[in-house]
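Heads up, the thing below is written out as structure tokens.
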Amino acid sequence: MVSQPINRKKAFNMLFFLEFWERFGYYGLQAVLASFFVRSLGMADAESFVVFGAFSAMVYGYVSIGGYLGDKVLGIQRTITLGAVVLMLGYGLMALAGSDKMLVFIALGAIACGNGIFKANPSSLLSRIYEGDEAHLDSAFTMYYMAVNIGSFISMLLVPIIGGKFGLSLGFMICAMGLVIAVGSFVSFRYLVRGVDSPIGKQPLNKGKLLLTIAGVVVMTLFSAWMLENLTVAHVLLAAIGIFVFGVFFKMIFQSHGAEKRKMIAAMILIVEAIVFFTLYQQMPTSLNFFAIKNVEHSILGITISDAEVFQTLNPFWIMIASPILAWMYAHFGDRGTDLSMPAKFSLGMLLCAGSFLLVGFSANFANEAGIVSAWWLVGSYFLSAIGELLISGLGLSMISKLVPQRLLGFLMGAWFLTSAISAVLGGWVATLTTVSKDIVDPLQTLPVYSHVFTQIGLVTLGVTVVMALAVPLLNHLINKEDEDEAEAVVNN
């Protein structure tokens with residue numbers, strides 16, 4: 115409970131602005147990282163995909179640690195501040211690293227740790243702000259997700275263009291400046307969420323715990339850099355973390371009872387479904403990005419696109435357009451009790467993702483004599499995948515907030531983000547299916563490879579969609595069935 119009423123609108127706007135700048139930094143880096151590995155560090159395409167996947171796995175795999183720090187060690191708001199500062203230092207180091215591979219990996223290690231510390235806590239704070247107002251929670255999280263994509267759209271547009279003209283060091287420094295603004299805005303406007311925190315966050319700061327946490331961040335940064343050089347260790351560690359986190363999740367399920375237990379089982383099933391989506395999502399900065407570079411016309415509406423990485427902005431562009439519409443629909447139908455269930459939204463989202471890959475695979479039939487396809491095929495594909503993303507990733511945090519008890523919220527927010535870590539590794543491996551020899555640069559030779567792989571991805575995803583759709587009634591039953599013991603207690607009273 116909070117000590118005084120919270121102005122939800124102002125508190126939401128503050129978190130919106132914070133998430134905007136934090137994601138501005140991260141997606142600016144993501145837009146160019148795989149191609150940076152190839153151009154600046156001399157990696158082959160396949161190696162760049164695997165290293166990118168390992169880095170992304172760390173980014174999301176460490177989120178459970180940040181959730182724990184927010185719940186049990188420092189408090190949500192202090193953890194947000196610490197994570198943003200570590201991110202700022204990581205982007206700054208990235209700007210200074212140049213083509214020094216070890217320094218690049220240290221910078222990426224700091225970014226992975228900073229993101230892990232930061233990521234789960236703004237979402238946890240938002241869910242606490244809207245505690246008791248579940249009818250508007252989907253709407254709030256959808257608009258919050260729009261902040262993510264406004265920040266990513268602008269940075270994914272600016273960083274590749276600035277990097278192409280003035281060098282990526284300047285692009286990475288812009289990412290660092292975004293975090294300076296994020297830290298400054300949060301510290302300045304924290305009063306809007308005064309009293310909204312985990313129990314430990316409402317207590318005085320334990321300086322010993324803070325110093326121990328900072329020391330742990332330094333160690334984890336260096337260890338993460340070492341793992342990027344030793345990917346087998348990274349994959350084994352991720353598997354161990356995954357087994358531990360989901361083992362704890364299963365233990366929580368078995369220790370719970372009644373409606374709480376059924377809802378947590380449903381949450382576990384939806385999290386597994388989300389792994390498939392996030393594996394698809396990882397194709398945007400990897401295989402789809404390289405497809406745009408090699409086989410897509412670099413112009414649209416008569417505008418020449420000098421840096422094909424900019425095509426990635428189609429994803430946040432469509433999300434910015436669709437988010438307010440979907441947020442209104444969720445609130446409108448939620449008030450009337452006629453909104454689609456969460457499992458149904460997940461299934462619909464997966465269907466759209468399947469369509470997005472089938473569309474790109476089909477585009478090869480309309481390539482010109484040089485093996486180049488129109489950019490409009492990519493526009494359509496990104497539109498379908500963006501709506502699918504809003505229905506799955508955009509509502510994932512809302513799903514966790516609705517289905518798990520508040521006492522476990524931070525940890526299970528971290529478990530949700532761990533699905534992205536697992537999927538990052540899987541997505542990197544899937545992306546390697548599209549790679550060809552460095553000697554092959556002819557679009558006519560690369561086009562059939564991309565077309566075949568994307569079509570197969572679409573067909574497999576379509577099969578997954580069918581299974582998810584068949585499971586919707588079961589999941590709805592688990593989520594909505596009234597606890598019989600509670601109902602009986604009400605009758606007896």
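Residue numbers (the numbering used here): 115 to 607. For every residue, glycine included, the Cβ atom is placed at its ideal position computed from N, Cα and C.
Original post:
Which residue from S170, N127, P313 and G156 puts its Cα closest to that of A145?
Top reply: For the purposes of this step, residue 145 is taken as the residue at position 31 of the sequence shown. Looking from the CA of A145, the closest CA among S170, N127, P313 and G156 belongs to S170.
Original post:
Going straight from the alpha carbon of M334 to that of G223, what length do you get?
Top reply: One-based indexing of the sequence shown puts residue 334 at position 220. One-based indexing of the sequence shown puts residue 223 at position 109. If I take the Cα positions, the gap works out to 7 Å.
Subject >> V518 (DSSP reduced to helix, strand or coil) >> reply: One-based indexing of the sequence shown puts residue 518 at position 404. DSSP places V518 in the coil class of the three-state scheme, outside both helix and strand.
Original post:
Which residue from A458, V199, Y305 and Y496 puts its Cα closest to that of I328?
Top reply: Working through the sequence shown from its first residue, we reach residue 328 at position 214. Of the residues A458, V199, Y305 and Y496, the one whose Cα lies closest to the Cα of I328 is V199.
Original post:
Roughly how far, in whole angstroms, is the beta-carbon of I536 from the beta-carbon of I389, given that I think they are within contact range, below 8 Å?
Top reply: The residue given as residue 536 occupies position 422 in the sequence shown. The residue given as residue 389 occupies position 275 in the sequence shown. Contact between I536 and I389 holds, since their C-beta atoms are separated by about 6 Å, short of 8 Å.
Subject >> Close beta carbons around I414, own chain, < 6 Å, minus the five adjacent residues each side >> reply: The residue you call residue 414 lines up with position 300 of the sequence shown. Counting only Cβ-Cβ distances below 6 Å, and skipping sequence neighbours, we find A489.
**OP:** Please name the residue in E374, V294 and M341 whose C-alpha comes closest to that of F166.
**Re:** By one-based count along the sequence shown, residue 166 stands at place 52. Checking every option, the nearest Cα to that of F166 belongs to M341.
**OP:** Mind listing, in chain order, the continuous alpha helix (DSSP H) runs of no fewer than 4 residues lying wholly within the region 289–361?
**Re:** Segments of the alpha helix (DSSP H) lying fully in the region 289–361: 321–343.
**OP:** For the alpha helix (DSSP H) holding A468, just list the boundary residues, first then last.
**Re:** Numbered from its first residue, the sequence shown carries residue 468 at position 354. Per DSSP, the unbroken alpha helix (DSSP H) holding A468 starts and ends at M456 to F476.
Original post:
Where does N607 land, buried or exposed, given buried means 16+ other C-beta within 10 angstroms?
Top reply: What you label residue 607 is simply residue 493 of the sequence shown in a count that begins at 1. Here N607 scores only 49 on pLDDT, less than 50, and its place in the model should not be relied on; the value that follows carries that caveat. Residue environment: N607 is assigned as exposed (fewer than 16 neighbouring CB atoms within 10 Å of its CB, all protein chains considered).
**OP:** Would you kindly check if the distance between the Cβ of G577 and the Cβ of F471 is under 9 Å?
**Re:** Position 357 of the sequence shown, counted from the first residue, corresponds to residue 471. Position 463 of the sequence shown, counted from the first residue, corresponds to residue 577. Going by C-beta atoms, F471 is not nearer than 9 Å to G577.
Subject >> Enclosing alpha helix (DSSP H) for G416 [first to last residue] >> reply: Counted from its first residue, the sequence shown places residue 416 at position 302. Counting along the chain, G416 falls outside any alpha helix (DSSP H), and DSSP gives it neither H nor E.
Original post:
Got a sec? Which residues, its chain only, sit under 7 Å from M115 by beta carbon, not counting five neighbours each side?
Top reply: Stepping through the sequence shown from its first residue, residue 115 is reached at position 1. Note that M115 has pLDDT 40, beneath the 50 cutoff, so the model's placement of it is unreliable and the number below is only indicative. The beta carbon of M115 lies closer than 7 Å to none in the same chain, with the five residues before and after it left out.
Subject >> Three-state class that DSSP yields for T548 in the structure shown >> reply: Within the sequence shown, residue 548 is the residue found at index 434, counting from 1. For T548, the secondary structure class from DSSP, reduced to helix, strand or coil, is helix.
Original post:
Under 9 Å between the Cβ atoms of K459 and L498?
Top reply: Taking the first residue of the sequence shown as 1, we reach residue 459 at position 345. Taking the first residue of the sequence shown as 1, we reach residue 498 at position 384. No; because the gap between Cβ atoms is not below 9 Å, this pair is not in contact.
**OP:** For V390, name the three-state secondary structure that DSSP assigns.
**Re:** In the sequence shown, counting from the first residue as 1, residue 390 sits at position 276. Of the three classes helix, strand and coil, the one that applies to V390 here is helix, per DSSP.
Original post:
Would you call the region 310–318 and the region 140–157 in contact, with 3 or more CB pairs under 8 Å?
Top reply: Touching, no, given that fewer than three Cβ pairs across the two stretches are closer than 8 Å.
Subject >> Outcome for P519 when other beta-carbon atoms lying within 10 angstroms are tallied against a minimum of 16 >> reply: Residue numbering aside, residue 519 sits at position 405 when the sequence shown is read from its first letter. Classification for P519: exposed.
Original post:
Around the Cβ of K233, are there at least 16 other Cβ atoms within 10 angstroms (buried) or fewer (exposed)?
Top reply: As a first step, residue 233 is located in the sequence shown; it is residue number 119 there, counting from the start. K233 counts as buried, since at least 16 other C-beta atoms from the protein chains shown sit within 10 angstroms of its C-beta.
Original post:
In this structure, does DSSP put V152 in helix, strand or coil?
Top reply: The residue labelled residue 152 in the question sits at position 38 within the sequence shown. If DSSP states are grouped into helix, strand and coil, V152 belongs with the helices.
Original post:
Would the region 255–264 and the region 365–374 be scored as touching if the rule is three or more Cβ pairs under 8 Å?
Top reply: No, the region 255–264 does not touch the region 365–374.
Original post:
Looking at the unbroken alpha helix (DSSP H) that takes in I486, where does it start and where does it end?
Top reply: Counted from its first residue, the sequence shown places residue 486 at position 372. Careful: I486 lies outside any alpha helix (DSSP H) and carries neither H nor E.
Subject >> Burial state of I276 (16 or more Cβ within 10 Å) >> reply: On the sequence shown, residue 276 is found 162 positions in, with the first residue counted as 1. Answer is buried; the Cβ neighbour count reaches 16.
Original post:
Smallest Cα separation from L324: which of Y244, G197 and S420?
Top reply: The sequence position of residue 324 within the sequence shown is 210, counting from 1. For L324, the nearest C-alpha among the options comes from G197.
Original post:
Taking one C-beta from the region 533–552 and one from the region 395–409 each time, how about it: are there three or more such pairs within less than 8 Å?
Top reply: Flag = yes, the region 533–552 and the region 395–409 touch.
Original post:
Around the C-beta of K408, are 16 or more other C-beta atoms found within 10 angstroms, so that it is buried, or is it exposed?
Top reply: Taking the first residue of the sequence shown as 1, we reach residue 408 at position 294. It counts as buried.
**OP:** Determine the direct distance from the alpha carbon of S266 to that of Y205, and round the result to whole angstroms.
**Re:** As a working mapping, residue 205 is identified with position 91 in the sequence shown. As a working mapping, residue 266 is identified with position 152 in the sequence shown. Rounded to the nearest whole angstrom, the CA to CA distance from Y205 to S266 is 15 Å.
Original post:
In its own chain, which residues sit with a C-beta less than 6 Å from the C-beta of Y174, not counting the 5 before and 5 after it?
Top reply: Taking the first residue of the sequence shown as 1, we reach residue 174 at position 60. Only F531, S534 and A535 meet the Cβ criterion.
**OP:** Could you check the C-alpha separation between I514 and S507 for me, to the nearest Å?
**Re:** Numbered from 1 along the sequence shown, position 400 holds the residue referred to as residue 514. Numbered from 1 along the sequence shown, position 393 holds the residue referred to as residue 507. Distance between the alpha carbons of I514 and S507: 11 Å.
Subject >> Burial state of D185 (16 or more Cβ within 10 Å) >> reply: Within the sequence shown, residue 185 is the residue found at index 71, counting from 1. By the neighbour-count definition (other C-beta atoms within 10 Å, threshold 16), D185 is a buried residue.
**OP:** Would you identify the three-state DSSP class for T193, choosing helix, strand or coil?
**Re:** Mapped onto the sequence shown, residue 193 falls at position 79. If DSSP states are grouped into helix, strand and coil, T193 belongs with the helices.
Original post:
Whose C-alpha, out of E387, V307, T579 and L473, is nearest the C-alpha of H566?
Top reply: As a working note, residue 566 is residue 452 in the sequence shown. Minimum Cα distance to H566 is reached at L473.
Original post:
So, helix, strand or coil for M270, using DSSP?
Top reply: Residue mapping note: residue 270 aligns to position 156 of the sequence shown, counting from 1. DSSP places M270 in helix when its eight states are reduced to three.
Original post:
DSSP on Y564, reduced to helix/strand/coil?
Top reply: Locating residue 564 in the sequence shown gives position 450, counting from the first residue. If DSSP states are grouped into helix, strand and coil, Y564 belongs with the helices.
Original post:
Would the beta-carbon of V187 fall within 9 Å of that of T193?
Top reply: Numbered from its first residue, the sequence shown carries residue 187 at position 73. Numbered from its first residue, the sequence shown carries residue 193 at position 79. Going by C-beta atoms, V187 is nearer than 9 Å to T193.
**OP:** Would you mind reading off the limits of the alpha helix (DSSP H) that contains E161?
**Re:** Reading the sequence shown from its first residue, position 47 is the one you call residue 161. D159 to G175 is the extent of the alpha helix (DSSP H) around E161.
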